[in-house]
Amino acid sequence: MAFGHHDVENGDAATTRTRSRQNSQVNYDQLDEYAALQKYITTYRDPKAAAAAEEGGDAAAKKKPFWAFWRKDDGFGGSDSGFVPNEWLEADIRQGIHSSDVESRRKRFGWNEISSDKENMFLKFLGFFTGPILYVMEIAVLLAAGLRDWIDLGVIIGILMLNAIVGWYQEKQAADVVASLKGDIAMKAIVIRDGQEQEIKAREIVPGDILVVEEGTTVPADCRLICDYEKPEEFAIYKELLAEDKFADGGDPDDEKDDEEENPIHSGPSIIATDQSAITGESLAVDKYMGEICYYTTGCKRGKAYAVALTSAKHSFVGRTASLVQGAKDSGHFKAIMDSIGTALLVLVIFWIMAAWIGGFFRHLKIATPEHSENSLLKYALILLIIGVPVGLPVVTTTTLAVGAAYLATQHAIVQKLTAIESLAGVDVLCSDKTGTLTANQLSIREPYVTEGEDVNWMMAVAALASSHNIKSLDPIDKVTILTLKRYPKAREILQQPWKTEKFTPFDPVSKRITAICTLNGDTYTCAKGAPKAVLNLTDCSAETEALFRDKATEFARRGFRSLGVAYQKNNEGWILLGMLSMFDPPREDTAQTILEAQALGVPVKMLTGDAIAIAKETCKMLAMGTKVYNSTKLIAGGLTGTTQHDLVERADGFAEVFPEHKYQVVEMLQQRGHLTAMTGDGVNDAPSLKKADCGIAVEGATEAAQAAADIVFLAPGLSTIVFAIKTARQIFQRMKAYIQYRIALCLHLEIYLVTSMIIIRETIRTDLIVFIALFADLATVAVAYDNAHSDPRPVEWQLPKIWIISTILGALLALGTWVIRGTLFLPNGGIVQNFGSVQEILFLEVALTENWLIFVTRGGKTLPSWQLVGAILGVDALATIFCLFGWLSGDPIHTNPPTPFHQRQDGWVDIVTVVVIWAYSIGVTIIVAIVYYLLNRIPALDNLGRKNRSVKDTALENMIGRLSKLAVEHEVGEHGRGRYTLVTKSEEEAEEE
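Numbering-wise, the sequence shown is residues 44 to 1037 according to the numbering used here.
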């Protein structure tokens, strides 16, 4: 018995499921035809739902240990050549290949699986030490080492390592979750080897293996159909046709219709039917005949057959498509934003260092002085390097993204690339595949049409009578016809009578109908269903009934339904027309609500499907997505180019009859117009566009190629998870934006104050204390990753000019507040100082408190802060207060010009009353800053500053590129025999080929 792709490599669970399948078949075999049919209708479970339930029950058994993050190196890479010798493909279906041949073939072609190049974990770890901010931190490490400032050196190195470890571990953990999903579900296959049927792992298949492909399983390799499993004698016919080279080579599934016209080798009923929606986007199952190619990872929907494996997964159609998107590198939108902020801060650091050095030269400061002295230009440079770049920015942003990714994982959304969260928060267009994403990829009968005077229950019973009753091998149309009887209990009552099928004729391409001769109580009924016109021609109905029937057939066709007429004949009397069944792949139950919610969040949805335009329009109509749906002729090689084509893509609600290159083009054009684009899909045909999109999302059940190309993998069916993911991503974005505003303001605060104090009074805060100020600020705000944040109702963006203006004003206010408290120390008796104190510790505490509390300002007031953030801030404040009280790292008193009027203790201690005064003063400064921040955000011009135009139109450039796409380079020879290249307009044939 062959296993499907949901079978788990767990002996007990797999054995239990196998036995249950076998038992169910035995039960069917023991029942008569119509009793078995009734039981099938009652007990049928959707295979995906059943598999999900089984896997849920076996979760404990198959859970991967947390430490098993590696994958065994199999040692078989395989050759790059996909050529398989013809003699390998000529094995007898009864004998198969010999076990002795397996090893040599595997060494040549590798394991039958798609594997991407493993990322070097060490190089990935080193990648977290790159970027403008990190480069500055590394320069500070060298400078601290040169100055023998070991405390600063250790702290900076610790921050660098913490950032790298957190980022590396979180991304690795996300990758391990996806890898475990693939590892826990092992596809199996039935092969013929050494004259026996054997069940093996699909990855162990080698070219030339004889496979048994049957309903409910996944095709384990690109293979050519040989013959029906129940008709092994047809193997001789297959060999004759193979010898005469009558079979087409395996190529693109989209070209199968052309191959059939050139090689019409099949006749009679098909052997099996496969679901190729993951490859072509076509939702209906495709009939397969002798000699035709069944593609790797497609599902078998009907039948059981012998087939020969043509190649390994790497060289299959799916494998070749997957290889197209591997290796593409994209720096990402978030990294570009962080680099721009880091570069700007680096420029500011250089400016302030130059200002300090220029002022220092006028103050006759030396470049380097004895190692314990704070008054040297190199010490000033080190201080400004430490405060001028947010050393904790990479740690906090990485942690915030990682915590968000962990939360999304609990909602069945696995983030493979942390920065994809930021992209998802700003997405303003969602492009979605239809089959399997917006719809469930399951045919259903909708709106059956019944002719006047007839009963719908009788029509459904006749349609079921005119169906195959071989429950083990049901055609998809017969299956949906029979299972629809669940909604028609009276029709089932009709079938409970003692019916007997005398003769069943499957679908005939000539007559275009299925017929069954059945008997009941001595009467003979000939039941038929098929193409509406073919069924109508059997009957002799009235002109009015015929007109209504034809009109309904036309309406169903216009709406994209697949229609089947139903009629019957009793005792050789006239045929009676009963009506028509309309079949359609309906939207998922939650899709319409999900799309409405996405639109409310400012994210319109565009549907991209390989189905016919009528089906696409009907689906859009059902989902209230709009009616502006076009076919792919408007895209590549179409009549439209340049700005006209870009405008069409922007305003369209969807495109039908598209191929992978069309999906890629739609995403690319939207990006060229300034849109941040998300793409959802599940098939190999979606992989290129998933890779191209700003945020690629592989939905539940996606192929390996789609998962590898995506940034986020959904484990729950449909699109319902995406609304939650967008809201969560926007909350995460708000946390990062609040922190970045806060951190820029902190950098500017100390840069402004320290440089001016160096120049004016030849004083600075000790380097040791500066390092702890920076460390305290980052330690406290790491908890911002767990803070409560609101979700913006529209796509978010950084608005960097607004951030810089607000942060600069906040930084200047904080610097002014520090100068005020420093100025009071020049008053008689030290101003705020009661009894005794230390200038260094007073300044340290004021800076630490006002900077820590600034995060409560920049986070906004729409939600209350989380207990984690409040606890972290208060804990750091308490630690800073202890530093101040006991004078830790205060050093010797610094002599300023003008001199400090009160006596400072050598141990640096500060009076408790002074500490209370500093706390009260810092609260006052924070309140003033909060009021200014609120007023700044109320200014309309500032609120829209830096907001991108999401529809940027460069007419000249778009038209130029459009015209260039219509040109080709042609080589010609002149009069003197000299060759030259010229630009010519492409012919229509050349344009269509592209």
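C-beta: ideal position from N, C-alpha, C; glycine also.
Residues bridged to residue i [DSSP beta-bridge criterion]
i: I253; result: I235 and V351
i: K331; result: I315
i: S606; result: S625
i: G342; result: T261 and D318
i: E240; result: I235
i: V493; result: G622
i: C266; result: C337 and A352
i: V458; result: I755
i: T482; result: P630
i: L473; result: V648 and A721
i: I488; result: M626
Residue i vs residue j beta-carbon contact at 8 Å
i: F627; j: F592; result: no
i: P519; j: K344; result: yes
i: R556; j: V523; result: no
i: L80; j: I525; result: yes
i: I248; j: A350; result: no
i: D551; j: H718; result: no
i: A721; j: E743; result: no
i: S649; j: G726; result: First, the amino acid is wrong: residue 649 is Lys here, not Ser. No, the pair does not count as a contact, with Cβ atoms beyond the cut-off.
i: L177; j: L196; result: no
i: T807; j: M801; result: yes
i: E894; j: A826; result: no
i: E545; j: T558; result: no
i: W211; j: V798; result: no
i: T652; j: K477; result: yes
i: A348; j: D330; result: no
i: C266; j: L353; result: yes
i: L1059; j: H792; result: No answer is possible for residue 1059: the residues shown for the chain start at 44 and end at 1037.
i: W154; j: R236; result: no
i: T901; j: H833; result: no
i: S606; j: A590; result: no
i: R535; j: I84; result: yes
i: I157; j: K357; result: yes
i: Q664; j: A695; result: The question names Gln, yet the displayed sequence has Lys at residue 664. Not closer than 8 Å, so no.
Residue nearest to residue i in terms of C-alpha spacing, selected from the options
i: A657; options: A600, G617, K649 and D754; result: A600
i: V392; options: K671, I429, F377 and I410; result: I429
i: G608; options: G617, G573 and L791; result: G573
i: D1; options: A741, G189, Q636 and G918; result: The structure shown does not extend to residue 1, since the chain spans only 44 to 1037, so no value can be given for it.
i: M381; options: S419, V361, L353 and V438; result: V438
i: K215; options: P541, F171, E257 and G197; result: F171
i: E490; options: G431, G622 and N580; result: G622
i: L584; options: Q612, E598 and G565; result: Going by the sequence as given, residue 584 is Cys instead of Leu. Measuring from the Cα of C584, the nearest candidate turns out to be Q612.
i: G15; options: L843, V953, I916 and T861; result: Since the first residue shown for the chain is 44 and the last is 1037, residue 15 is missing from the structure and cannot be characterised.
i: E497; options: T544, L508, L620 and G447; result: L620
i: D144; options: G669, W131, K533 and A571; result: W131
i: Y782; options: W896, F360 and T924; result: W896
i: V446; options: F126, F757 and D830; result: D830
i: K677; options: I235, Y492 and E704; result: E704
i: T39; options: V960, V900, Q777 and I898; result: Given a span of 44 to 1037 for the chain in the structure shown, any question on residue 39 remains unanswerable.
i: I885; options: I916, T634, W542 and I813; result: I813
i: D835; options: E700, H689 and V646; result: V646
i: Y1039; options: L190, I401, A506 and Q485; result: Because the chain spans 44 through 1037 in this model, residue 1039 falls outside it and cannot be assessed.
i: I199; options: F815, M779, F757 and G989; result: F815
i: N564; options: T86, Q539 and A571; result: Q539
i: G385; options: Q784, A655, G874 and A753; result: Q784
i: F547; options: R530, I537, K529 and Y568; result: Y568
Beta carbon proximity, residue i to chain D, threshold 8 Å
i: P437; result: In summary, chain D is missing from the structure at hand, where a single protein chain is found.
Residue i: CB within 7 Å of a non-hydrogen atom of the ligand ZN
i: S965; result: Judged by which ligands are present, the structure shown has none, so any question about the ligand ZN falls away.
The region 728 to 741 / the region 458 to 472 touching (three or more Cβ pairs under 8 Å): yes
Could you tell me whether the region 180 to 187 touches the region 423 to 430, using the rule of 3 or more Cβ pairs below 8 Å? yes
At which residue ranges does the region 649 to 703 contain complete alpha helix (DSSP H) runs of 4 or more residues, listed in the order of the chain? Fully enclosed alpha helix (DSSP H) runs of 4 or longer: 656 to 665 and 685 to 694.
Taking only runs that begin and end inside the region 720 to 774, name each unbroken alpha helix (DSSP H) of 4 or more residues, in chain order. Residue ranges of uninterrupted alpha helix (DSSP H) with 4 or more members, entirely inside the region 720 to 774 and ordered along the chain, are 730 to 735 and 747 to 752.
4-residue-minimum alpha helix (DSSP H) runs that sit fully inside the region 502 to 576, ordered along the chain: 519 to 526 and 532 to 538
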